[in-house]
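Have a look at the structure below before the remarks.
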Amino acid sequence: MSWTEERVETLKRMWAEGQSASQIAKELGGVTRNAVIGKVHRLGLSNRAGAAPAAASPAAKPAAPAPAKDKPAARAEEPAPAAETAPPAEPVKPAAAEAPAGASARKQIVPAGQPLPPQPSANEISPEALASVREIEKSAKKLSLMELTERTCKWPIGDPATPDFWFCGLPVQPGKPYCEAHVGVAFQPMSSRRDRKR
DNA sequence: CCCTGATTCGC
DNA sequence: GCGAATCAGG
1 MSWTEERVET
11 LKRMWAEGQS
21 ASQIAKELGG
31 VTRNAVIGKV
41 HRLGLSNRAG
51 AAPAAASPAA
61 KPAAPAPAKD
71 KPAARAEEPA
81 PAAETAPPAE
91 PVKPAAAEAP
101 AGASARKQIV
111 PAGQPLPPQP
121 SANEISPEAL
131 ASVREIEKSA
141 KKLSLMELTE
151 RTCKWPIGDP
161 ATPDFWFCGL
171 PVQPGKPYCE
181 AHVGVAFQPM
191 SSRRDRKR
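For what it's worth, UniProt numbering labels the leading residue of the first sequence as 1, then goes sequentially.
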């Protein structure tokens with residue numbers, strides 16, 4: 001794979017959006033996060049949005065915008081001054097969610113989920129699974145949408161419409177999108193109910 | 001352990 | 001220019 005205009009643009013866009021190098025790498029495909037980081041540096045857009053690393057030391061805050069300086073001509077770059085405008089929210093649609101443990105009311109205001117969210121459905125869940133879920137939810141890592149990765153349980157907990165909403169975040173079961181407990185309630189064999197003899 | 005970005009350096 | 005290996009954190 002090579003850095004075509006298009007790929008570079010995607011890289012720039014995502015980097016500006018605050019996406020991590022690994023996420024960008026996955027999006028682009030064919031490259032590792034190292035490649036992405038390397039490219040980012042070569043492109044000279046390492047520091048994202050004037051992040052103020054704020055050196056521990058005293059007042060060493062130049063803050064001198066003084067841009068017109070070096071950089072002869074031949075530069076159609078965008079100055080991108082104060083990138084204060086929030087760049088966060090990306091087009092990822094919040095997954096619909098419902099309190100799995102039947103913990104609370106159901107709102108379902110959120111449109112629809114994509115591949116992520118499950119929807120245990122009003123289905124009945126085995127008491128065992130339900131119990132374990134209740135328990136792990138107490139130790140959930142409470143990750144935000146952006147903190148989810150391929151190895152964090154994506155089970156939604158709480159009401160998406162309120163601040164009391166987060167994702168389980170515990171280590172996922174290999175190959176599954178959820179942790180062991182949530183896999184248990186997410187993937188019901190389809191008929192464990194009837195004469196369940198477990 | 002998982003992850004992050006930063007740097008180096010052979011290619 | 002490229003990116004794996006490595007470093008330095010969280």
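No residue lacks a Cβ here, since even glycine has one placed at the ideal position from N, Cα and C. In this text, all values refer to a predicted model and were calculated from it rather than measured experimentally.
For the 7 Å CB-CB criterion, T152 and L143 form a contact. A buried status is given to M14, since no fewer than 16 other beta-carbon atoms sit within 10 Å of its beta-carbon. Collapsing the DSSP output to three states places L11 in a helix. Per the coordinates, the alpha-carbon of V31 lies some 15 Å from the alpha-carbon of K12.
Note that the C-beta distance between V185 and A131 is not below 7 Å. When beta bridges are read from the DSSP output, W166 appears opposite I157. Counting only residues of its own chain and dropping the five nearest sequence neighbours on each side, A181 has a CB closer than 6 Å to the CB of S132, V133, I136. Secondary structure of P171 (DSSP, three-state): strand. D164 counts as exposed, since fewer than 16 other beta carbons sit within 10 angstroms of its beta carbon.
Under the DSSP definition of a beta bridge, L148 lacks any partner. Rounded to the nearest whole angstrom, the C-alpha separation of L28 and Q19 is 12 Å.
By alpha-carbon distance to I157, the top candidate from V172, E9, G44, K141 is K141. Following the DSSP letters along the chain, one finds K141 in no alpha helix (DSSP H), marked with neither H nor E.
Residue S22 holds the alpha-carbon nearest to the alpha-carbon of N34 among C168, R42, S22. Distance between V8 and P127, taken at the CA atoms: about 51 Å. A buried status is given to G169, since no fewer than 16 other beta-carbon atoms sit within 10 Å of its beta-carbon. W155 is the residue among D159, F167, W155 whose C-alpha sits nearest the C-alpha of F187.
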